[in-house]
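Asker: First the structure, then my questions, so here it is.
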Amino acid sequence: MTQLRRLSKPFSRQMEAAKVRAGLKPGQPIPKGMPIPWSKNMQKTQRRLARLHARIANIRANALHQWTTLRVERFDVIAIADLDVAGMLKNHQLARQIADMGFGEFRGQ
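Position in the sequence shown counted from 1, then plus 131, gives you our numbering.
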């Protein structure tokens, strides 16, 4: 997570600078269809950020797959509680942890 934070911050700053170069005010949303000039360094940062997001997704998917495989091999009967995940996500204190767990993917596997 610290790597994600470390890469997201410069990308955000670069995006704000690109918006200013395009004639928008800082913090103003980009209108649909308006081209934003990306610098080479911004492209490199975006590529690094995309690779990190993909790596995090792969790590989470692998951990979930290993956990579910272990449970299926160890137990004969598995019962899954029907939780109101959408309602649980509305609790801002728990939302990040619940979203990270991937309940839907767990049920699908």
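Positions of the beta carbon are idealized from the N, C-alpha and C atoms, including for glycine.
The structure presented is a predicted model; accordingly, all values stated were derived computationally and were not measured.
Let me know if residue 175 comes out buried or exposed under the rule of 16 or more other beta-carbons within 10 Å of its beta-carbon.
Answerer: Position 44 of the sequence shown, counted from the first residue, corresponds to residue 175. Looking at its Cβ environment, which holds fewer than 16 other Cβ atoms inside 10 Å, residue 175 is exposed.
Asker: Can you list, in chain order, the stretches of the alpha helix (DSSP H) that have 4 or more residues and sit fully within the segment 145-206?
Answerer: For the segment 145-206, whole alpha helix (DSSP H) runs of length 4 or above, ordered along the chain, are 171-205.
Asker: Starting from residue 229, trace the alpha helix (DSSP H) in both directions and tell me its first and last residue.
Answerer: Reading the sequence shown from its first residue, position 98 is the one you call residue 229. Segment 226-232, the alpha helix (DSSP H) holding residue 229.
Asker: Between residue 240 and the ligand HEM, is there a pair consisting of the residue's CB and a ligand heavy atom that are separated by less than 6 Å?
Answerer: Questions concerning the ligand HEM fall outside what the structure shown contains, since it holds no ligand whatsoever.
Asker: Can you tell me the Cβ-Cβ gap for residue 179 and residue 138, rounded? I've got them flagged as a contact below 8 Å.
Answerer: Sequence index remark: in the sequence shown, residue 179 carries index 48 (1-based). Sequence index remark: in the sequence shown, residue 138 carries index 7 (1-based). Going by Cβ atoms, the distance from residue 179 to residue 138 rounds to 6 Å, so yes, they are a contact pair.
Asker: Does residue 150 pass the burial test, meaning 16 or more other C-beta atoms within 10 Å, or should it be called exposed?
Answerer: Against the sequence shown, residue 150 aligns to sequence position 19. Answer is buried; the Cβ neighbour count reaches 16.
Asker: Determine the extent of the alpha helix (DSSP H) in which residue 220 is found, giving its start and end residues.
Answerer: Here the question's residue 220 lines up with position 89 in the sequence shown. Taken as a continuous stretch (DSSP letters only), the alpha helix (DSSP H) holding residue 220 covers 216-220.
Asker: Among residues of its own chain, excluding the 5 on either side of residue 199, which ones have a beta-carbon nearer than 7 Å to its beta-carbon?
Answerer: By 1-based counting over the sequence shown, the position of residue 199 is 68. 237, 240, listed in sequence order.
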